[in-house]
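To keep things clear, I will list the structure first and then write my remarks on it.
In the numbering used here, the protein residues as written are 3 to 182.
Below is the structure:
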């Protein structure tokens, strides 16, 4: 339902993220949980991001860390999701919730301004969900999201089938080894 997509987008925005090096102006996610509690507090983390998918309402996590620390990073990101799941909604402040809802709404509005992206989104939603959720329906769903709904989405993300999927890459071969 629309409800799930809206809550997932707000949760993904609340978790947010960023990188240890960023250039440019505002909008780098420095108010998000993954930035404040992971990137900004662990010197070995280079990037930690939660990427909510507009079409399916799923959450993806992306991170990079110094060699030998990628599993630690995956666990830290998972712990932030789990913290919300076990909080019963009390772990999310009103200010955090309102900020995440505002950012999610503006992100969706800007993304769906482009005709090509809107068409792509329509097709993906039809394939993944069997229905299309219009930008106005999505905006309405986002505005109604509560802290309790964020808890439900976090719980669902942690318990679907056997739990969330992680791909941790410890070693990336050099380009010379690819050529051989």
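We put the beta carbon where it would ideally sit given N, CA and C, even for glycine. These numbers were taken from a predicted model, which means no experiment stands behind them.
Inset, instruction - Starting from residue 21, follow the beta strand (DSSP E) in both directions and report where the run begins and ends. - result: 19 to 21 is the extent of the beta strand (DSSP E) around residue 21.
Legend entry - Runs of alpha helix (DSSP H) wholly within the region 42 to 93 (minimum 4 residues, chain order): With a minimum length of 4 residues, the continuous alpha helix (DSSP H) runs that stay inside the region 42 to 93 are 72 to 88.
Legend entry - residue 185 (DSSP reduced to helix, strand or coil): A question about residue 185 goes unanswered here, because the residues of the chain that appear run from 3 up to 182.
Inset, instruction - Just tell me which of 132, 118, 75 and 68 has its CA closest to the CA of residue 174. - result: Of the listed residues, the one whose Cα sits closest to residue 174 is 68.
Inset, instruction - Have a look at residue 70 and residue 36 and give me their C-alpha separation to the nearest angstrom. - result: For the pair residue 70 and residue 36, the Cα-to-Cα distance works out to about 20 Å.
Inset, instruction - Could you tell me the distance, in whole angstroms, from the CA atom of residue 141 to the CA atom of residue 22? - result: About 31 Å.
Inset, instruction - Report yes or no: do the region 73 to 92 and the region 102 to 110 share at least 3 C-beta pairs separated by less than 8 Å? - result: At 8 Å Cβ cutoff, the stretches do not touch.
Inset, instruction - Reducing DSSP to helix, strand and coil, say where residue 148 ends up. - result: Correct three-state label for residue 148: coil.
Inset, instruction - Please confirm whether any heavy atom of the ligand ATP lies closer than 6 Å to the CB of residue 44. - result: The model depicted lacks the ligand ATP and carries no ligand whatsoever.
Legend entry - Backbone CA spacing between residue 9 and residue 46 [nearest angstrom]: Computed Cα separation, rounded: 31 Å.
Inset, instruction - Reducing DSSP to helix, strand and coil, say where residue 175 ends up. - result: Assigned with DSSP and collapsed to three states, residue 175 falls in coil, not helix or strand.
Inset, instruction - State the CB to CB distance for the pair residue 64 and residue 51, rounded to an integer number of angstroms; the pair is presumed to be in contact (CB under 8 Å). - result: Here residue 64 really is in contact with residue 51; their C-beta atoms are around 5 Å apart, less than 8 Å.
Legend entry - Beta-carbon separation (whole angstroms), residue 11 vs residue 56, contact threshold 8 Å: Indeed they touch by this definition, with Cβ atoms about 7 Å apart.
Inset, instruction - Give a yes or no on whether the minimum CB-CB distance between residue 146 and chain D is below 7 Å. - result: Judged by its chain identifiers, the structure shown contains no chain D, having just a single protein chain.
Inset, instruction - Give the DSSP-derived three-state secondary structure of residue 143 in the structure shown. - result: The DSSP-derived three-state label of residue 143 is helix.
Inset, instruction - Return the chain-ordered list of same chain residues with a C-beta closer than 6 Å to the C-beta of residue 58, the five sequence neighbours on each side being excluded. - result: Hits under 6 Å: 130.
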